[in-house]
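J.:
Residue numbers (my numbering), protein chains in the order written: chain A, 90 to 419; chain B, 4 to 270; chain C, 4 to 269.
1. Short of 8 Å in beta carbon distance, which residues of its chain neighbour residue 180/C, apart from the five on each side in sequence? Order them along the chain.
2. Apply the 10 Å Cβ neighbour rule to residue 262/B and answer buried if 16 or more other Cβ atoms are within range, or exposed otherwise.
3. If we define contact as Cβ-Cβ less than 9 Å, is residue 222/A a contact residue for chain B?
4. State whether the region 61 to 75 of chain B contacts the region 167 to 174 of chain B, with contact taken as three or more CB pairs (one from each stretch) at a distance under 8 Å.
5. Using beta carbons (cut-off 9 Å, strictly below), is residue 58/C in contact with chain B?
6. Under 8 Å Cβ-Cβ, which residues of chain B neighbour residue 82/C?
7. Using the beta-carbon count (16 or more within 10 Å), is residue 230/A buried or exposed?
8. Would you mind working out which of 87/C, 139/C, 110/C, 37/C sits nearest residue 194/C, comparing C-alpha positions?
9. Please classify residue 198/A as buried or exposed, where buried requires at least 16 other C-beta atoms within 10 Å of its C-beta.
10. Do three or more CB pairs link the region 138 to 152 of chain C to the region 110 to 128 of chain B at distances below 8 Å?
11. With a threshold of 9 Å between beta carbons, is residue 102/A in contact with chain B?
12. Can residue 3/C and residue 19/C be called in contact, C-beta distance under 9 Å?
13. Please report whether the beta-carbon of residue 31/B lies at a distance below 9 Å from any beta-carbon of chain C.
14. State the beta-bridge partners of residue 227/C as determined by DSSP.
15. So, residue 69/C versus residue 15/C, is the Cβ gap smaller than 9 Å?
16. Measuring alpha carbon to alpha carbon, tell me which residue in 122/B, 179/B, 106/B, 152/B is nearest residue 202/B.
17. What first and last residue would you give for the alpha helix (DSSP H) that runs through residue 52/B?
18. So what does residue 232/C bridge to, in DSSP terms?
19. I'd like to know if the region 87 to 100 of chain B and the region 171 to 183 of chain B are in contact, where contact means that at least 3 CB-CB pairs between them fall below 8 Å.
20. DSSP three-state label for residue 185/B, please.
21. Check whether the Cβ of residue 269/B lies closer than 9 Å to any Cβ atom in chain A.
22. Any chance you could list the beta strand (DSSP E) runs of at least 3 consecutive residues sitting entirely within the region 155 to 214 of chain A, in chain order?
23. When you compare the CB of residue 116/A with every CB in chain B, is at least one pair closer than 9 Å?
24. Do we get a CB-CB distance below 9 Å when we pair residue 170/B with the residues of chain A?
25. Check whether the region 188 to 195 of chain B and the region 217 to 236 of chain B are in contact - that is, three or more C-beta pairs closer than 8 Å.
26. Evaluate residue 17/C with the Cβ neighbour count: other Cβ atoms within 10 Å of its Cβ, from every protein chain shown; 16 or more gives buried, anything less gives exposed.
27. Take residue 148/A and list the residues in its own chain whose beta-carbon comes closer than 7 Å to its own, dropping the five residues that flank it on each side.
28. Using a Cβ-Cβ cut-off of less than 9 Å, list which residues of the region 126 to 146 of chain B approach chain C; keep chain order.
29. Kindly indicate which residue of 58/C, 13/C, 40/C has the alpha-carbon position closest to the one of residue 215/C.
30. Just to make sure I have the definition right: I need the residues of chain A whose C-beta is within less than 8 Å of the C-beta of residue 54/B. Which are they?
31. Would you list, in sequence order, the uninterrupted beta strand (DSSP E) runs of no fewer than 3 residues that lie entirely inside the region 201 to 244 of chain B?
32. Out of 86/B, 199/B, 48/B, which has the shortest C-alpha to C-alpha gap to residue 120/A?
33. For chain C, is any of its Cβ atoms less than 9 Å away from the one on residue 46/B?
34. With distance defined between alpha-carbon atoms, name the residue in 211/C, 225/C, 244/C nearest to residue 233/C.
35. How would you call residue 250/B, buried or exposed, if buried means at least 16 neighbouring beta carbons within 10 angstroms?
36. Rounded to the nearest angstrom, what separates residue 100/A and residue 111/A at their Cα positions?
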């Protein structure tokens, strides 16, 4: 009887222990051990901007469909780029062919998507500041792919270029505007002026010239105010560089004005009327050109100021994108 | 004046001495058992006793553990549904139930059930053995009663409690799922997916790990109260009560400490 | 009875008690090899407590106890357990481990302290069960045994390691006279066939006169030994009236009868 009871008890104990352990393993499997057995492909990208809000485990989506997670975030010391490795689960991509072909199918699909303009960028998941990586057509089809940084890629790793996030876009737009401002050819203008002035030597009793000088002065003032506004709004180093450029130009304009005044004072009388007319015309054109440019510059600066003000007042508008600030100017 | 102060001091010390002794006794008890560990490793223990306690604390306790955890899961799901439906987020019930069961309630409920189930049984058993001079008999046979009686219980508990916790976790989640499917009309797949998303391996394993200290506490409290029960039948009864009350207290305190420790590593 | 030079047990200046309550003080006696030695005394005089001190369960307040020349009081834990293995103790209720069968109870010390194979242990267990007339009860659980059977099973367990020194705590308490007499015969057989030294705590006079070579009587009032010697001699010739009264239960009975008669007759 005890023998029977004994073996009965042992069977129950065995069921209990084995059952518990099987359950344990099953739960571990369900909770992610299954990761080991799922087909994955690593996709790598690089961000030059801050990836604040992105963590290991953050979602990776293809046009809104979750297809994987961020598996590693690291910083390349050589160029300060943030390297993001994403594990994309192949089960999310259904193809007609067999299991074994999944991987090559995905690679082909990925390549063709890249050619059609698929890029990745950081997106906000909500108001919490957490981010995910979105794959979407952020570039125009057929646009040339930016090459990955040197030595950043293993042979069989996939690379997707990153495009700046919407917020980054805005900053870039501002940057371009300012770049364009810096490219205004003050030098050419002033060269033209100087050239005209040399031709004009002696003809400067004309009242029109006087008004030109006034206008140049006015323009110089405008430029100064503008540059002050810009440096108030943006403290960035790049801006400063830009400002110094502007200031150089300003100085040149000032010098030019001074030169003009002295020339005027020492001027002889005009030699030929036609020469005078031509020179006078050239000055007028140059002056109009300058006035035009300065108006535009003013507008740009106004727009930038407005944008900066609205950003500092309501940063979330950029995140949520509800109230997209328009960039005027260029 | 002086004799009076001395008297008062004596009176005070008389009151505090038992407290002090109460404080050192469990420590001494643990020390005795710990001192026997090398001997245990050399001689092993009686397999029959181990199997008996594994049967008592594992197999026989399983139904009640499953039932209680299932009901707790259901209760939580119903309460969660009431709150979360205000925000139209009923599906989050799966997250809430899964996380709470795996992290906290599963290990805790199992420990509390085992306190009543095993802790009191240990205390009563050892108390009766003491009353019946079985402890003396062991001692005069040259066997240390502390280790002889505690080790099989302890090892059985150390094996059965984590297993019961795993079973309890599953039962709790199933309870929540039952409510989710029947009352909230969430599909089982959706519920299951949400649950798996809410829990990760670390949370689950850390939850199960909690049951090891709980097992030790329940066993020690039960055995200690048994060994220190007064030598009469009322004493045995009081010993069992004391075992339950003190191990519930110890479990809750341990849970607090463990939670704080876990928070250091970010869970 | 042949007296050997070295006594089995030597109790020297022993004072025992709980905390500050002294139960017995200044006890001095010896138990000689091969005798049945009874500790007598009224209820609550500390017989059982004395026994538990002798077998090393309790530490005395003062004094020393030597078992086969080794002090059980001053021995460290390791050594004390070794001394303990040399004797067997039978407790009042048998103190069988309730979670094991009778056979397992008897086998326990064999498993713990010998290297016998399973078969040898089984054989020894059967032998011991036969010794105490419990053949075939090996597979019983202790709860299935009667009081007398439990005691005998406890004795069988105490005998498992073939000790030459045995202690009995109230062997005949709660037993009917016939069972009690059987137990007495068993003790005599153990002494005569195995040369065992047996210490018995009891207040059953019938068994005392039947088996005891020597007794000591404890007194609750004086907390000391009232008398020591052969029970028959003490009964008949003790100068102490209390001793004679204790051992002459018949006399007491007749006194009572006389009193009853006196009150009844008028």
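Even for Gly, the Cβ is constructed at its ideal location relative to N, Cα and C.
T.: On the basis of the coordinates in this document:
1. 209
2. exposed
3. no
4. yes
5. yes
6. Those within 8 Å of residue 82/C in chain B number zero; the least Cβ separation is about 11 Å.
7. Classification of residue 230/A: exposed, given that the 10 Å Cβ count is below 16.
8. 37/C
9. exposed
10. Contact between the region 138 to 152 of chain C and the region 110 to 128 of chain B is absent, with fewer than three C-beta pairs closer than 8 Å.
11. yes
12. Since the first residue of chain C shown is 4 and the last is 269, residue 3/C is not available in this structure.
13. With 9 Å as the cut-off, residue 31/B does not count as an interface residue toward chain C.
14. 222/C
15. yes
16. 106/B
17. Residues 50 to 57.
18. 218/C
19. yes
20. helix
21. no
22. 171 to 178, 207 to 213
23. yes
24. yes
25. no
26. buried
27. Non-local C-beta neighbours of residue 148/A in its own chain, meaning closer than 7 Å and more than five positions away in sequence, comprise 155, 158, 221, ordered along the chain.
28. Shown in chain order are the members of the region 126 to 146 of chain B whose Cβ falls below 9 Å from a Cβ of chain C: 128, 131, 132, 135, 136, 137, 138, 139, 140, 141, 142, 143, 144, 145, 146.
29. 40/C
30. 98, 99, 102
31. none
32. Here the closest residue by C-alpha is 199/B.
33. yes
34. 211/C
35. buried
36. 16 Å
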